[in-house]
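*Asks:*
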Amino acid sequence: MTTTCALVSVVDDDESVRESLPDLLRELGYAVQVYTSAEEFLASKAARDTQCLILDIFMQGISGLELIKALARAGLAVPTIFVTAHVDESLRLRLLEEGAVECLFKPFSDTALIAALHAALRDGRLN
Amino acid sequence: MVPADSAANALPLELTHRDAARAGLEACLAQSQYLTGSAGFTWRLASDEVRGSEQLSHILGFEHAAPLTFALILTHVHPDDLPTLRAQIEFARSEGGDIAQEFRHLMPDQKTVRYLRMGARRLRDPRIQCDYVGAVQDVTELRAAEAALREARAQLAYLARVMSLGALSASIAHEIKQPLAGIITNASTCLRMLATEPPDLAGARETAKRTLRDGNRASDVITRLRALFTRKSVGGEQVDLNQIAQEAVHLAQSDLNRRRVTVLMGLAEDIPRVRGDRIQLYQVVLNLVLNAADAMGGVDDRPRRLSIRTQPEGPDRVRLSVQDTGTGIGAHAARLFEPFYTTKTDGMGIGLSISQTIVESHGGRLWAAQNEGPGATFCFSLPSAPECDPERRSPKRMARVSRDDRGTLGLGL
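Protein sequences, first through last, are from chains A and B.
Mapping to my numbering: the first sequence position 70 is 70, numbers consecutive.
Numbers given in my numbering equal positions in the second sequence, counted from 1, plus 1000.
1) Can you give me the Cβ contacts of B/GLY1096 inside the same chain, cut-off strictly under 7 Å, excluding the 5 residues immediately before and after it?
2) Give a yes or no on whether the minimum CB-CB distance between B/CYS1388 and chain A is below 8 Å.
3) Under 7 Å Cβ-Cβ, which residues of chain A neighbour B/ASP1214?
4) Give me, in chain order, the residues of the same chain whose beta-carbon lies closer than 8 Å to that of B/THR1357; leave out the 5 immediate sequence neighbours on both sides.
5) Is it a yes or a no for the segment 1200 to 1208 of chain B touching the segment 107 to 122 of chain A, going by three-plus beta-carbon pairs under 8 Å?
6) Could you have a look at B/ARG1117 and say whether DSSP puts it in helix, strand or coil?
7) Does the beta-carbon of B/ALA1245 have 16 or more other beta-carbons within 10 angstroms, so that it is buried, or is it exposed?
8) With DSSP collapsed to three states, give me the class of A/TYR30.
9) Are the beta-carbon atoms of A/GLN33 and A/SER16 separated by less than 8 Å?
10) Please determine if the segment 1018 to 1026 of chain B and the segment 1108 to 1116 of chain B are in contact, where contact requires at least 3 C-beta pairs separated by less than 8 Å.
11) Can you list the residues of chain B that A/SER143 reaches, using a CB-CB cut of under 8 Å?
12) Closer than 7 Å between beta carbons: that is the criterion. Which residues of the segment 33 to 61 of chain A meet it against chain B?
13) Bridge partners of B/HIS1105, per DSSP?
14) Check whether chain B comes within 8 Å of A/PHE20, counting only Cβ atoms and requiring the distance to be less than that.
15) Please list, in chain order, all residues of the same chain as A/ARG26 whose beta carbon is under 7 Å from its beta carbon, the five residues on each side excluded.
16) Give the secondary structure of B/SER1384 by DSSP, where H, G and I count as helix, E and B as strand, and everything else as coil.
17) Please state if the CB of B/ALA1170 and the CB of B/ASP1255 are separated by a distance shorter than 8 Å.
18) According to a CB-to-CB cut-off of less than 7 Å, which residues of the segment 64 to 84 of chain A neighbour chain E?
19) Nearest-angstrom Cα distance between A/GLY64 and A/LEU71?
20) Can you pull the chain A neighbours of B/HIS1250, defined as C-beta to C-beta under 8 Å?
21) Buried or exposed for B/PHE1229, going by 16 or more other Cβ atoms inside 10 Å?
22) If the cut is a Cβ gap below 8 Å, which residues of chain A does B/SER1384 touch?
23) If contacts are defined as beta-carbon pairs under 8 Å, then B/PRO1374 and B/SER1353 qualify, I think. What distance do you get, rounded to the angstrom?
24) So, with DSSP's three-state summary, where would you put B/PRO1179?
25) Tell me whether the segment 1311 to 1323 of chain B and the segment 1275 to 1293 of chain B touch, counting them as touching only if at least three CB pairs, one residue from each stretch, are closer than 8 Å.
26) Quick one: list the residues of chain A neighbouring B/GLN1178, beta-carbon separation under 8 Å, in chain order.
27) Applying the 10 Å Cβ sphere with the 16-neighbour rule, what's the burial state of A/THR50?
28) Can you name the residues of chain A whose CB is closer than 7 Å to the CB of B/THR1207?
29) Please list the residues of the segment 1103 to 1115 of chain B that have a C-beta atom closer than 7 Å to any C-beta atom in chain A, keeping them in chain order.
30) Against chain A, does B/SER1219 count as a neighbour if the rule is that its beta carbon must be under 8 Å from one of theirs?
31) What does a CB cutoff of less than 7 Å around B/LEU1045 pick up in its chain, not counting 5 residues either side in sequence?
32) Hey, how far is the Cα of B/ILE1176 from the Cα of B/PRO1083?
33) Using a Cβ-Cβ distance cut-off of 8 Å, determine whether A/GLU27 contacts chain B.
34) By DSSP's criteria, B/PHE1041 is part of a beta bridge. Which residues make up the other side?
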């Protein structure tokens, strides 16, 4: 179990993910905040405190991609793990090139998530 | 002046000519009856005697020499058609009116069924020794052709539905993967909770419950999809158009999200249900939704907005409309509903044609109009189901969807 208590924010419009992922993250030792939309996350002003963002790509309203651009415009580079149920390898590569820590296709294993979290928090520390 | 002996010989000669002319006429009549698969008959009410040509016996499959009555004919009529034909005959006997009826006739071989159309008119001429004169036509080939056409249309509609679902395969996979993601994450968490010392039993129980719920959710998605993949047609159901609109948007939602299409729902409260085939009507709505999304594929200078509305139309109809902010129908308006006409590079052009056929087979109509602003609106209206007691109306909770759990925005109408 990780000894850190880094804040991980989960933004996903799917209820199953919103309910299951936080418990796993807490079990792994992280503090967790959950948001149903990009708009809700932006309104919360939690971005500055978030050390890792787990972000659904395709959501109603502001998409995950637009949220990252909005954060970048505000000078915030939050280490981000994208998650999506749409398997699109070319999109994944593009996101990695643009600085995403990882892009996981749902359903993903806990080991893949843990590896991505470690990478994200290492990136965050580097930042 | 005609000689006396000549006059005496003239009558038989004239009769001979008349007989010949009559025989010729009858031969022509027999030929025309043969060519049209029809036969004339006369009917005497008192004796129930039916007299007709050899062609009549041929159509009915009876021996020509054998006496024929309607009572005998009725013994060969399909049980489903018997009550109405019997009622027609009773009507003829009691009221003396003209009768017309189509019925299935079981041939004496007890295997072959022929579709016969019969019409008869009451005669009130005392010089004629019968009460009714009528005709029977064998329309079996026509009915077989109609059945083949119906089957071909049903197969084409099925093909179009499967193609729609093919176009939505990414969306469908998404619908299943979401609960699968929940299942796998919950199971991982559950194992971790059980592995701690002491085990977190309460937490493990909670995650196990959520695993079950997500498993059921994935199962529900598959059950709903199986209904769409089925070929079987079920008519005569009470169908709630609000529910169909919501389900169609739900299925396409992830595809619409990916295409940056915002959905606005304006579902009228308490609209009557319609009678029909739920899957077919679902297919129509899904087709209109996907067409609308396609029409907005190249739009980048304005929001891609898809609005679905339901509303009552007059006292006994319901209308569903799908409006987009796409490229509009413009010059294509006149040909939109033609089979195999398409403006898409990857379309077959059968969706709208089949949708129109489905709507019309439900007693409704489907049409398209250019918006005042950008885009087009496709509408269909259907007659409401005859019985509209409160339980058969669209539940009020369906209406005025303001923002559902998937983030779909409401119009607040």
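Positions of the beta carbon are idealized from the N, C-alpha and C atoms, including for glycine.
*Replies:* Looking at the coordinates:
1) ARG1122
2) Confidence at B/CYS1388 is low in this model, with a pLDDT of 46, below 50, so its placement is unreliable and the value that follows should be read with caution. Taking Cβ atoms only, chain A never reaches closer than 8 Å to B/CYS1388, which makes this a no.
3) SER16
4) ARG1153 and ALA1157
5) no
6) strand
7) buried
8) coil
9) no
10) no
11) Lying outside 1 to 127, the shown extent of chain A, residue 143 of chain A is not represented and no answer is given.
12) SER37, PHE58, MET59, GLN60 and GLY61
13) B/VAL1077 and B/ARG1114
14) The sequence given here has Ser at residue 20 of chain A, not Phe. Cβ-Cβ to chain B under 8 Å: yes for A/SER20.
15) VAL32
16) strand
17) yes
18) Among the protein chains in the structure shown, which are A and B, there is no chain E.
19) 11 Å
20) Neighbours of B/HIS1250 on chain A: none; closest Cβ ~12 Å, over 8 Å.
21) exposed
22) Those within 8 Å of B/SER1384 in chain A number zero; the least Cβ separation is about 32 Å.
23) No, B/PRO1374 and B/SER1353 are not in contact; Cβ-Cβ is about 25 Å, not under 8 Å.
24) helix
25) yes
26) ASP14, SER16, VAL17, ALA85 and LYS106
27) buried
28) ASP23
29) none
30) no
31) ARG1093 and ASP1131
32) 51 Å
33) yes
34) B/GLY1052 and B/GLY1134
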